[in-house]
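Down below is the structure, laid out as structure tokens.
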Amino acid sequence: MDRQVYLCAPGFEEPLRREIGEGAEALCTGVVRGGTALRPLSEDDHVFARQVLPAAASLLAPSVRQLAGRAFDALLPGLDSSAETWTLHALVPDDPADPHLPGELRRRADLVAAAFLDIAKERRRRVFRRYHPDGGAESLVQLLLVGREQLLVSAAAPAPLPRGGLWPVPFPAGLVSVPEDPAAPSTASRKLREALAWMGRSLREGERVVDLGAAPGGWTHVALLGGAHVTAVDRAGPGPAVEGHPRLRWLRGDAFRHEPENPPVDWLLCDVIAYPDKSLELLRRWVERGWCRRLVYHLKFKGREDYGPAFEAREMLRTSRLRFVRAKHLGNDRNEVTFMAMETT
Ligand SMILES: C[S@@+](CC[C@H](N)C(=O)[O-])C[C@H]1O[C@@H](n2cnc3c(N)ncnc32)[C@H](O)[C@@H]1O
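Quick note: the numbering used here has the sequence shown finishing at residue 383, numbered continuously throughout.
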């Protein structure tokens, strides 16, 4: 039976398996197959899953052309019966323990994808005509090569989730490509940019932002670039890239004691390093008091065992007035979970 297949960060297969529950199994590094019950995508937006391949079929074949042919046979009924435009993501597991295999598999996956398109062109021109190489297509074909001869295939239209966002996400493998920013004071700025891409929202001119745990200023830098006014709070001082900026007020102090002036502010950003329970309490305080309209918030963890506070935080946000709520272990996250929430979806 076809089951959901999920991509996660290498080493996070077990937390994801536990989150999915009964029947879930790790197929290889970074890939987990769901349980036998095919849950609706709207109930399936797991924290540790960066991407989902809905109802994925598993195929075996020795050559690139045969893999592509079987994939096309498996997906043709769906592609044929719909009038939707589609795009194609060729994927491989991300396995840092094996530096050679991913490169080799990557090339092979690209060959399988090219052969898939050739076959579509040869065998069903009207299906091929609906192929869009770039974003914006209605449906997503995903081909995940997990070994030289094993391919997982899925075709599905990204479904809007009840609390905002799409699932599957339109980013290949659920990874946002964030452009390099040599002016950024820290690589942490990538994490905020990635979260904003998932929210489909940027920080805008004139918005009021509170950035807790801001030093040396990576997130603050992103907010300032967008034209926002930032109050940054950290025990440490700002880095030279943001220090003295006319729209920045830098307060040296304890983030846990900070109260915003004239709430609600447009954004709460928080990247404080603290025990997850303590960060969760701070988040709860801001949300229950209605101190912010939108937020990007990190809970940071030590081990891989207890992510209870992450699920508690997501539940608290889901029962708040915030309409868009998403909690994800994003591509740039280490052992932390990013919470993204806004008043409107
Ligand atoms: C991961 S760093 C933040 C990086 C920052 N977001 C950036 O983009 O450059 C975590 C910060 O939390 C700050 N921090 C930890 N506990 C704090 C507290 N109780 N009050 C204020 N800052 C705190 C640390 O000083 C550190 O600068």
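Even for Gly, the Cβ is constructed at its ideal location relative to N, Cα and C. Because the structure is a prediction, the values reported are computed rather than measured.
Annotation: the segment 122 to 183 contains the following complete segments of the beta strand (DSSP E) (minimum length 3 residues), in chain order: 124 to 129. DSSP places LEU355 in no beta strand (DSSP E) but in the uninterrupted alpha helix (DSSP H) bounded by 346 to 356. By the CB criterion at 8 Å, ALA197 and SER80 fall inside the cutoff.
Among the bridge pairs identified by DSSP, ARG41 is matched with ALA94. Rounded to whole angstroms, the Cβ separation of ARG55 and ALA64 is 6 Å, and the two are in contact under 8 Å. For ALA106, the distance from the CB to the nearest heavy atom of ligand 1 is not below 7 Å.
In the three-state DSSP reduction, GLY185 falls in the strand class (E or B). 8 Å or more divides the Cβ of ARG359 from the Cβ of ASP304. Distance from the CA atom of VAL260 to the CA atom of LEU213, rounded to whole angstroms, is 19 Å.
One Cα belongs to LEU143, the other to LEU149, and the distance between them is close to 10 Å. In terms of Cβ geometry, TRP257 and LEU230 form a close pair [threshold 8 Å]. Residue pairing by DSSP places LEU307 opposite ASP249, VAL334 in a beta bridge.
SER119 and PRO223 have their C-alpha atoms some 51 Å from each other.
Residues of the same chain with a CB within less than 8 Å of the CB of ALA266, apart from the 5 flanking positions on each side, are LEU241, ARG242, GLU243, GLY244, GLU245, ARG246, VAL247, ARG285, ASP304, TRP305 in chain order.
Taking 8 Å as the cut-off, the Cβ atoms of ALA94 and LEU190 count as close. Nearest Cα to ARG77 within the set ARG364, ALA312, ASP40: ASP40.
Straight-line measurement puts the Cα of GLN89 at about 22 Å from the Cα of LEU98. As computed with DSSP, TRP288 is found in a beta bridge with ALA270.
DSSP lists ARG71 as the beta-bridge partner residues of GLU63. CYS66 and HIS367 have their C-alpha atoms some 18 Å from each other. PHE377 has TYR335, ALA365 as its beta-bridge partners, per DSSP. In this structure, ALA274 has its beta carbon less than 7 Å from a heavy atom of ligand 1. Judged by the Cβ position, PRO223 qualifies as a neighbour of ligand 1 at the 7 Å threshold, a heavy atom of the ligand being closer than this. Assigned with DSSP and collapsed to three states, SER119 falls in helix.
In its chain, beyond the 5 residues on either side, ARG228, LYS229, GLU232 have a beta carbon closer than 6 Å to the beta carbon of ASN370. Distance from the CA of GLY49 to the CA of VAL69, rounded to the nearest whole angstrom, comes to 10 Å. ASP309 sits close to HIS336, with the two beta carbons spaced by under 8 Å.
Ligand 1 has a heavy atom closer than 7 Å to the beta-carbon of SER227. The three-state reading of DSSP puts TRP329 in coil, since its state is none of H, G, I, E or B.
Remark: C-beta atoms of VAL325 and MET354 approach each other more closely than 8 Å. As the crow flies, the alpha-carbon of GLU52 is around 10 Å from that of ILE58. If you look at HIS259, you'll find it in the alpha helix (DSSP H) that goes 256 to 263.
Taking PHE294 as reference, the option from GLY275, GLU281, ALA274, ARG323 with the minimal CA-CA separation is ARG323. With fewer than 16 other Cβ atoms from the protein chains shown falling within 10 Å of its own Cβ, PRO217 counts as exposed. Remark: the shortest separation between the CB of VAL310 and any heavy atom of ligand 1 falls under 7 Å.
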